[in-house]
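Have a look at the structure below before the remarks.
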Amino acid sequence: MLELSFGTVGSGLVRHVPMDSTRLPLLRTLPAMHEVTIKVRLDGPYKVSGPVKLVDHEGDEIPMPEDDKGRDTIVLCRCGHSATKPFCDQSHKRVGFRS
Ligand code: FES
């Protein structure tokens, strides 16, 4: 019998789950235990921090902008005026987006 331990950093949540080898394939279906934060910036975009995968309406992965590759933060347009949707290109400043 195996014992699985997992948790999230900073949350204080730690669990110990006794497992046998017949249940190991279930591990592949468990969500990653990383924290993602979405910050709504005043009069600006959504700042998404953490390990995320961005996909389009068909489920195909949207590649990260060249400047953001390797980083764990992306900035998504909230104003609807970006020329690089879904990413923010700072157009919100030009159009005077307020929210
Ligand atoms: S929020 Fe920045 S371009 Fe739309």
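Each residue of the sequence shown is one higher than the one before, starting from 166 at the first, in our numbering. Where a beta carbon is used, it is the ideal one built from N, C-alpha and C, also for glycine. If you're wondering where the values come from, they're calculated on a predicted model, not measured in any experiment.
Flag residue i as yes when its Cβ comes closer than 7 Å to any non-hydrogen atom of ligand 1, and as no otherwise.
i, result
"R263", "no"
"R243", "yes"
"D237", "no"
"D232", "no"
"P251", "no"
"G209", "yes"
"S214", "no"
"D254", "yes"
"H222", "no"
"H199", "no"
Comparing alpha-carbon positions, which option in the options lies nearest residue i?
i, options, result
"V205", "R259, V260, C253", "C253"
"S256", "H246, R263, K250, K234", "H246"
"K258", "T249, P251, K250, C244", "C244"
"S264", "D233, P216, D208", "D208"
Is residue i near residue j, with beta carbons less than 8 Å apart?
i, j, result
"T238", "V213", "yes"
"V201", "V220", "no"
"P210", "I227", "no"
"G215", "H199", "yes"
Give me the DSSP bridge partner(s) of residue i.
i, result
"E226", "V220"
"T202", "S214"
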